[in-house]
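> For the sequence shown, the working numbering assigns the number 24 to the initial residue and increments by one for each residue that follows.
Quick one: this structure, given as C-alpha cells, is what I'll be asking you about.
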Amino acid sequence: MINQLAVGMILSINRAGVLLILGLLFLDLIVWAGAWRWLDVTRKQFEAKASIQADNLSLLLHSDFNGRLESIDRTLSAVAHEIERQETFGELRPELVEPVLSQHLFVLPSMSGMRVVNAVGEIVFGASGESQVFVTDREYFQQLRDDPKKGMVISHPVLGRISKTWDIVFARAIHTPQGEFAGIVTLVLPISSLNERFATLSNGSTDIFAIFNDQSLRFITRYPEGVVAPGEPLIVRKDAPMFVARRISRLSGTFVNVAPQDGVLRSYGYRCMATQPICILVGVGLEAYLAPWVAERRMIVGSVALFTLFTLLLWYLTYRAWCRQLDAMNAEQVAYQVRDAEHRFNQVIIDESPIAVVTRDIEGVITLVNEAAEKLLGWPADALVGQTLENLLPDMAAEIAYPHHKTFTGETVVDREITRSHRDRHPVNISATQAPLRDASGAVTGYLTMAMDITRRKDAEAKVEYLASRDALTGLPNWSMLRDRFEHAKGSGGDQCPRLVFVMLNLNNFKTINESLGHAAGDAVLRVVAKRLTECVRDSDTVSRQGGDEFLLLLIGMDGLAQIQAVLHELKSSVSCVMNIQGEEIYTSATMGVALYPEDGEDFETILRKAAAAMSRAKGDGRGSCRFFDDGLDREATASLRTEVGLRRALAKGEFELHYQPQIDLRSGLVQGVEALLRWRHPEQGLVLPGQFIQIAEQSGLIVPIGEWVISECCRQGQVWREAGIAPVRIAFNLSAVQFSHSDVEGTIRRALIESGFDPNFLELELTESVLIRNTEQVLNTVQRLKQLGVMVSVDDFGTGYSSLAYLQRFDVDKLKIDQAFVRDLCQNTNDKTIVRAIIQMAHALNLRTIAEGVEDEATLACLQQLECDEVQGYLIAKPMQEEQLATFIREYSNGWTV
Numbered sequence: 024m025i026n027q028l029a030v031g032m033i034l035s036i037n038r039a040g041v042l043l044i045l046g047l048l049f050l051d052l053i054v055w056a057g058a059w060r061w062l063d064v065t066r067k068q069f070e071a072k073a074s075i076q077a078d079n080l081s082l083l084l085h086s087d088f089n090g091r092l093e094s095i096d097r098t099l100s101a102v103a104h105e106i107e108r109q110e111t112f113g114e115l116r117p118e119l120v121e122p123v124l125s126q127h128l129f130v131l132p133s134m135s136g137m138r139v140v141n142a143v144g145e146i147v148f149g150a151s152g153e154s155q156v157f158v159t160d161r162e163y164f165q166q167l168r169d170d171p172k173k174g175m176v177i178s179h180p181v182l183g184r185i186s187k188t189w190d191i192v193f194a195r196a197i198h199t200p201q202g203e204f205a206g207i208v209t210l211v212l213p214i215s216s217l218n219e220r221f222a223t224l225s226n227g228s229t230d231i232f233a234i235f236n237d238q239s240l241r242f243i244t245r246y247p248e249g250v251v252a253p254g255e256p257l258i259v260r261k262d263a264p265m266f267v268a269r270r271i272s273r274l275s276g277t278f279v280n281v282a283p284q285d286g287v288l289r290s291y292g293y294r295c296m297a298t299q300p301i302c303i304l305v306g307v308g309l310e311a312y313l314a315p316w317v318a319e320r321r322m323i324v325g326s327v328a329l330f331t332l333f334t335l336l337l338w339y340l341t342y343r344a345w346c347r348q349l350d351a352m353n354a355e356q357v358a359y360q361v362r363d364a365e366h367r368f369n370q371v372i373i374d375e376s377p378i379a380v381v382t383r384d385i386e387g388v389i390t391l392v393n394e395a396a397e398k399l400l401g402w403p404a405d406a407l408v409g410q411t412l413e414n415l416l417p418d419m420a421a422e423i424a425y426p427h428h429k430t431f432t433g434e435t436v437v438d439r440e441i442t443r444s445h446r447d448r449h450p451v452n453i454s455a456t457q458a459p460l461r462d463a464s465g466a467v468t469g470y471l472t473m474a475m476d477i478t479r480r481k482d483a484e485a486k487v488e489y490l491a492s493r494d495a496l497t498g499l500p501n502w503s504m505l506r507d508r509f510e511h512a513k514g515s516g517g518d519q520c521p522r523l524v525f526v527m528l529n530l531n532n533f534k535t536i537n538e539s540l541g542h543a544a545g546d547a548v549l550r551v552v553a554k555r556l557t558e559c560v561r562d563s564d565t566v567s568r569q570g571g572d573e574f575l576l577l578l579i580g581m582d583g584l585a586q587i588q589a590v591l592h593e594l595k596s597s598v599s600c601v602m603n604i605q606g607e608e609i610y611t612s613a614t615m616g617v618a619l620y621p622e623d624g625e626d627f628e629t630i631l632r633k634a635a636a637a638m639s640r641a642k643g644d645g646r647g648s649c650r651f652f653d654d655g656l657d658r659e660a661t662a663s664l665r666t667e668v669g670l671r672r673a674l675a676k677g678e679f680e681l682h683y684q685p686q687i688d689l690r691s692g693l694v695q696g697v698e699a700l701l702r703w704r705h706p707e708q709g710l711v712l713p714g715q716f717i718q719i720a721e722q723s724g725l726i727v728p729i730g731e732w733v734i735s736e737c738c739r740q741g742q743v744w745r746e747a748g749i750a751p752v753r754i755a756f757n758l759s760a761v762q763f764s765h766s767d768v769e770g771t772i773r774r775a776l777i778e779s780g781f782d783p784n785f786l787e788l789e790l791t792e793s794v795l796i797r798n799t800e801q802v803l804n805t806v807q808r809l810k811q812l813g814v815m816v817s818v819d820d821f822g823t824g825y826s827s828l829a830y831l832q833r834f835d836v837d838k839l840k841i842d843q844a845f846v847r848d849l850c851q852n853t854n855d856k857t858i859v860r861a862i863i864q865m866a867h868a869l870n871l872r873t874i875a876e877g878v879e880d881e882a883t884l885a886c887l888q889q890l891e892c893d894e895v896q897g898y899l900i901a902k903p904m905q906e907e908q909l910a911t912f913i914r915e916y917s918n919g920w921t922v
C-alpha cells in the first residue's frame, strides 16, 4: 500500500513536471514567435526605406540624364540643319563649319568633341587637325547610313582611338536636299563625366549606379568603376525580376537582389527611357540601412534567450526541490505543493518578464499586471487590478475598444503600434500583441496583452525625418523642403498661379565674426538672424537656410512691387539691428538678390540661379544692396561665364602676351624702364585689353595663374634682351590685391628669377594702395624679403586711394606713380597741379622717385619738368608695343629721347 502510494506520488510529480515543461515550452514559443514577428516587421520597414531611397535616386538620375539627352538631341538637330543649309549654297568650308561646332560645343562643356562625317565615313570637320580618319566600322554610322530617317542614335561604349578613354557617341544623319544620306554629325560624351555626376549622389561605399542598354543588355557605365567595364553584358540572377524584358516590361520599378558581380545585397530602383533604349539602375546597399535593425535584433534575441535560460533553470531547481521532499510528503501534500509551485512559478515568470503583461476578463477589467506593465503605464498593480483602461484613460476609450472587440471575436492582434498615456500624462509609444484567453471548453474568458515601449525608436525615426528636411543649426526648412513648398505653391493656383518671390539673402562681414569671435558666436548670429527673418514674413511664406550665411526666402502671393519692397525693407532693417552675442554687440547687414515667378522662370532651378545672379550683382554694388534680376543681368552673367571659359582656354593655349610701354628719365632722356601690360590675343575678337577681362579673372581666381605667367614672362623677356645686347632697363609689372592674398608671390618671383637668370635689380613690383592696407603685416614681410633680393617696389595710382606716409616708410617704397587722373588736365586744372606738386615734393623729401603716367602732349610734359618729376610715360613718348618693337625703340633712342 505504501509502495503504491509512493508510486502514485512519483507519477503525480512526473505528470506535474511534464505539464510544467510543456507550459514553459509553450510560453517560450509565444515569446520567440512574438520576437521574430517583431523583427520581421521592423526589417521590412528598414528595407522599405532603402527601396524608397533607391527609387528616388533613380528618378533623379533618370530626370538628369533624360534632360541631357534632350539637350544633345536638340544640338545635333540644330547642327545638322545648319550643315544642310550651308550645303545648299555650295561646298562646305572650314571657316563656316568649325565656328558652328565650337559654338554648340561651348554650350555643352561636358562633351569632349563634335564632328561632321561625310557619306563615306570620313571625319571632315572637328577632327583636331587629323586627316583620313574613318568611322565606317562604327555601329552608329552603319545604322544611320542604312536608315537616314532614323532619329538620334546612341552608340555602345567605344574606346576612343586618340583619347584611349571610354566614350558614348550620339549621332544624327545629315541629308541632301533630295533627302538622301549625306553623312552624320556626332557628339562625344566621356563616360567619366557620368560617373562624376553619380559620385556626388553616393551615400555609402556599397551604393551603385549604372546605365545600360535594355536592348543589348550591356553596361554603358557603372559607378563605382572597377567591378565591370563599359560594354560588358548585364548579368542578372535567375531569381531577379525580368525588368530588362525590353519594351514589353514596365518602365520603372524596384526589387531586392544580390549582385552577381560583388555579392552585395542591395535594394534597386530602375527607370527606363520612354524614347531611347536606355535604363537607369540605382542600388542601395541594405547593410547600412539594416545596421539599426541588426543592433535591435541582437538585443531582442539576447533578451529572449536569457528569458528561456531563466525559465529552464527555474524549472530545474523547482523539480529538484520536489524530489528532495518526496519521502516526507503524502499524496495530498504533494498535490497541494505541485499546484502551489505551478502558481508561484507562473507568477515569477510574469513578474520577471521584461515585456509588459496585462490580462483582462471578458468585461475588460484588469485581472493581472506585472512589474514591467506598472513601469510602462505609471500606476502600481493595486491601482490597476480591478479597473478598466477606459476608466484610467477616458480620452482613449474609442481606441481601446477596437482591439477589445477584435480579440473577443477570436482574433489575435500582432505588433499593433499604439500610443498610451503615462500616469503623468506624457505619451508612450507601444507595440502591443493581444490574444484571447480561453477556458477548457474553448470559450473566450478574457485576453492577454504583451507590450514593449518603442518611444525611443519612434523618436529616433522622427528625428531622422526632421533632419532630412530641416537645417540642423537653425531648424529652418532646407533646400529640399523649400523646393517642395515651391512646387506646391506653383500648382495650388491652377491657371491663376499667385506671384512667387525668391529672395536670396547673404550676411555681410560674417567671416569676420567667425574669425574674431569664434564659430560658436557665428552659430548664435545665424540663429538670431533666422528668428528675425521668420518674424518678418507670414505663416504662408518660407524662410530656409542654404548653408553658411546664406538664406533663401519664398514669399507667396505678393500683390505688387510696393508690397515686395516693403517686405525687403523690413528684412533689411531687422537683420541690421544690433545683436548681443556672448556679451559682445555685433552688427551685420544683408545683401539680397530677388527673382520672381513666373516672370524670371518657370522652374525651381532657373529661378534659384537668377536670384543668385541678382545677389552677385548686389554684392558688386556694395554691402547692404538689393537687386532684382533682369534679362540684362542674365546676358551679363552668360557673357561673364563665356569670358571665364575663354580665359581658361587662353591660359592653356598661350593666348596671352605682354606689351611694353617705355618710361623716360626727364633729366637724361634715357629709357629707364618699361611697364609690362597684359593683352589677350583672342582667336575671334582680336587683341583684348585688360579692362574687359581682369575683373572676371579676379572674381574667378584665374588672376593667380595669369599673374604667375606675367612674372615668369617678364623675367624671361628681360633676360632675352640682356643676352641680345639691349641696354638694361627695369621691367615693372602690376600685382592685384587678389594675387597677394591668394598666391605665394615671393615664391613665384624667386622661381622666375632662378629659371630665367634675370637680375632682380632690374625687376620692379608695382603695388596699389589697396594691397598695402590689406593684411598689412603679411604684405610687409613679403615686400621686405623681396627688397632683400634687390627687387624695386613702387606704389601705383598714388593719390587715388587710402594714402598713408607711415605705410610708405614701413614698406621702404622706391617710387611713386602719379595717377593719370591728376596728369590729364595738369596744365588747365589748378587743383590737379597743386596735388601733383605736393606729391613730388613729398616724395623727394622721403628720397623717393616719381613717375607720371598718361603724358600725351608737350604742354603736360613741360609742366612735369617744371615740377621736377623724375620719369614719365604715355602716348607722347610711345604706345605700348611688342618685344621686338621695344628692342628697336631702345636702340633708336640709346643716346636719349629728346625731352
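Where a beta carbon is used, it is the ideal one built from N, C-alpha and C, also for glycine.
Please determine, among Ile453, Asp482 and Arg480, the residue with the shortest C-alpha to C-alpha distance to Met473.
By 1-based counting over the sequence shown, the position of residue 473 is 450. Nearest C-alpha to Met473: Ile453.
> Does the pairing of the stretch 605-622 with the stretch 632-648 give three or more beta-carbon distances under 8 Å?
Contact between the stretch 605-622 and the stretch 632-648 is present, because at least three Cβ pairs lie under 8 Å.
> Helix, strand or coil: how does DSSP classify His705 here?
Within the sequence shown, the letter at position 682 stands for residue 705. Residue state, collapsed to three classes: strand.
> Which two residues bound the contiguous alpha helix (DSSP H) that contains Val590?
In the sequence shown, residue 590 corresponds to position 567, counting from 1. Looking at the DSSP string, the run of the alpha helix (DSSP H) that includes Val590 is Leu584 to Ser599.
> Once the 5 residues before and after Phe69 are set aside, which same chain residues still bring their CB inside 6 Å of it?
Numbered from its first residue, the sequence shown carries residue 69 at position 46. These residues qualify, in order along the chain: Tyr312, Leu313 and Trp316.
> Between Val859 and Trp744, what straight-line distance do the alpha-carbon atoms span, to the nearest angstrom?
Position 836 of the sequence shown, counted from the first residue, corresponds to residue 859. Position 721 of the sequence shown, counted from the first residue, corresponds to residue 744. Going by the C-alpha atoms only, they are around 34 Å apart.
> Closest to Ile687 by C-alpha separation, out of Leu304, Ile234 and Ile913, would be which residue?
Here residue 687 refers to the residue found at position 664 when the sequence shown is read from its first residue. Distance from the Cα of Ile687 is smallest, within the candidate group Leu304, Ile234 and Ile913, for Ile913.
> Measure from the alpha carbon of Ala910 to the alpha carbon of each residue in Ile579, Glu894 and Tyr683, then state which is nearest.
Position 887 of the sequence shown, counted from the first residue, corresponds to residue 910. Measuring from the Cα of Ala910, the nearest candidate turns out to be Tyr683.
> What does Lys838 pair with, by DSSP beta-bridge criteria?
By one-based count along the sequence shown, residue 838 stands at place 815. Note: Lys838 sits in a beta bridge opposite Ser817 and Arg872.
> At what residues does the beta strand (DSSP E) containing Tyr470 begin and finish?
Position 447 of the sequence shown holds residue 470. Its beta strand (DSSP E) spans residues Val467 to Asp476.
> Counting along the chain, where does the alpha helix (DSSP H) carrying Cys738 start and finish?
If you number the sequence shown from 1, residue 738 lands on position 715. For Cys738, the enclosing alpha helix (DSSP H) has its first and last residue at Ile726 to Glu746.
> So, is Asp384 buried or exposed, given that buried needs 16 or more other C-beta atoms within 10 angstroms?
On the sequence shown, residue 384 is found 361 positions in, with the first residue counted as 1. Exposed, by the Cβ-count rule.
> Let's test the definition: count the other Cβ atoms within 10 Å of the Cβ of Ser759 and tell me whether it reaches 16, buried, or not, exposed.
Against the sequence shown, residue 759 aligns to sequence position 736. Label assigned to Ser759: buried.
> With 9 Å as the threshold, decide whether the Cβ of Thr497 is near any Cβ in chain C.
Protein chain content of the structure displayed is limited to a single chain, and chain C is not contained in it.
> Below 6 Å CB to CB, which residues in the same chain sit around Ala547 once its five sequence neighbours on both sides are set aside?
On the sequence shown, residue 547 is found 524 positions in, with the first residue counted as 1. Closer than 6 Å at the Cβ level, and outside the excluded window around Ala547, lie Ile604.
> In three-state DSSP terms, what is Gly780?
The count along the sequence shown starts at 1 and reaches residue 780 at position 757. If DSSP states are grouped into helix, strand and coil, Gly780 belongs with coil.
> I'd like to know if the stretch 764-777 and the stretch 718-737 are in contact, where contact means that at least 3 CB-CB pairs between them fall below 8 Å.
yes
> Grouping DSSP H, G and I as helix and E and B as strand, with all else coil, what is Trp502?
Numbered from its first residue, the sequence shown carries residue 502 at position 479. In the structure shown, Trp502 sits in a helix (DSSP, three-state: H, G or I).
> Would you call Ala11 buried or exposed, if buried means 16 or more other Cβ atoms sit within 10 Å of its Cβ?
Nothing in the structure corresponds to residue 11, since the chain is present only between 24 and 922.
> May I ask you to verify whether the stretch 660-672 touches the stretch 875-894, counting CB pairs closer than 8 Å and requiring at least 3?
Because the criterion of three Cβ pairs below 8 Å is not met, the stretch 660-672 and the stretch 875-894 do not touch.
> Report yes if the CB atom of Phe235 is closer than 9 Å to the CB atom of Cys302, and no otherwise.
Residue 235 sits at position 212 when you count from the first residue of the sequence shown. Residue 302 sits at position 279 when you count from the first residue of the sequence shown. Yes, the pair counts as a contact, with Cβ atoms nearer than the cut-off.
> Specify whether the stretch 709-728 and the stretch 687-696 touch according to this definition: at least 3 beta carbon pairs, one from each stretch, less than 8 Å apart.
As far as the Cβ criterion goes, the stretch 709-728 does not touch the stretch 687-696, which means the pair count is below three.
> Helix, strand or coil, according to DSSP, for Arg914 in the structure here?
Numbered from its first residue, the sequence shown carries residue 914 at position 891. DSSP places Arg914 in helix when its eight states are reduced to three.
> Under 8 Å Cβ to Cβ from Leu933, same chain only, skipping five residues before and after it: list those, please.
Given that the chain is displayed from residue 24 to residue 922, the structure contains no residue 933 and the question cannot be resolved.
> Just how far apart, CA to CA, sit Gly136 and Gly149?
Position 113 of the sequence shown, counting from 1, holds the residue named residue 136. Position 126 of the sequence shown, counting from 1, holds the residue named residue 149. When rounded, the distance between both Cα atoms is 7 Å.
> Any idea what DSSP makes of Asp688, helix, strand or coil?
As a first step, residue 688 must be located in the sequence shown, where it is residue number 665. Per DSSP, reduced to three states, the secondary structure at Asp688 is strand.
> Would you call the stretch 596-611 and the stretch 490-509 in contact, with 3 or more CB pairs under 8 Å?
Verdict: no, contact absent.
> For Arg161 and Val181, which I take to be in contact (beta-carbon distance under 8 Å), what is that distance rounded to the nearest angstrom?
One-based indexing of the sequence shown puts residue 161 at position 138. One-based indexing of the sequence shown puts residue 181 at position 158. 7 Å between Cβ atoms; contact.
> On the premise that Ile231 lies in contact with Arg294, defined as a C-beta separation below 8 Å, what is that separation, rounded to the nearest angstrom?
Locating residue 294 in the sequence shown gives position 271, counting from the first residue. Locating residue 231 in the sequence shown gives position 208, counting from the first residue. In fact, because the Cβ distance is near 15 Å, the residues do not count as touching under 8 Å.
> Compare the Cα-Cα distances from Leu50 to each of Lys67, His104, Val327 and Val102 and report the closest residue.
Here residue 50 refers to the residue found at position 27 of the sequence shown. When only C-alpha atoms are compared, the closest one is Val327.
> Cα-Cα, which of Val287, Ser779, Leu304 and Pro247 is closest to Ser275?
The count along the sequence shown starts at 1 and reaches residue 275 at position 252. Per the Cα distances, Leu304.
> Per DSSP, what are the beta-bridge partners of His198 in this structure?
Counting from one through the sequence shown, the residue named residue 198 turns up at place 175. According to DSSP, His198 bridges with Phe204.
> By the 10 Å Cβ neighbour count, where 16 or more other Cβ atoms means buried, how is Gly90 classified, buried or exposed?
In the sequence shown, counting from the first residue as 1, residue 90 sits at position 67. The residue is exposed, with fewer than 16 neighbouring Cβ atoms inside 10 Å.
> Using CA atoms only, rank isn't needed, just tell me which of Cys850, Asp893 and Leu809 is closest to Lys840.
Within the sequence shown, the letter at position 817 stands for residue 840. Distance check between Lys840 and each of Cys850, Asp893 and Leu809 places Asp893 closest, using alpha-carbon atoms only.
> What are the boundary residues of the alpha helix (DSSP H) that includes Asp384?
As a working note, residue 384 is residue 361 in the sequence shown. Careful: Asp384 lies outside any alpha helix (DSSP H), inside the beta strand (DSSP E) at Ala379 to Asp384.
> Drop a sphere of 10 angstroms on the beta-carbon of Thr456, count the other beta-carbons inside from all chains shown, and report buried for 16 or more, exposed for fewer.
As a working mapping, residue 456 is identified with position 433 in the sequence shown. Buried is the call here.
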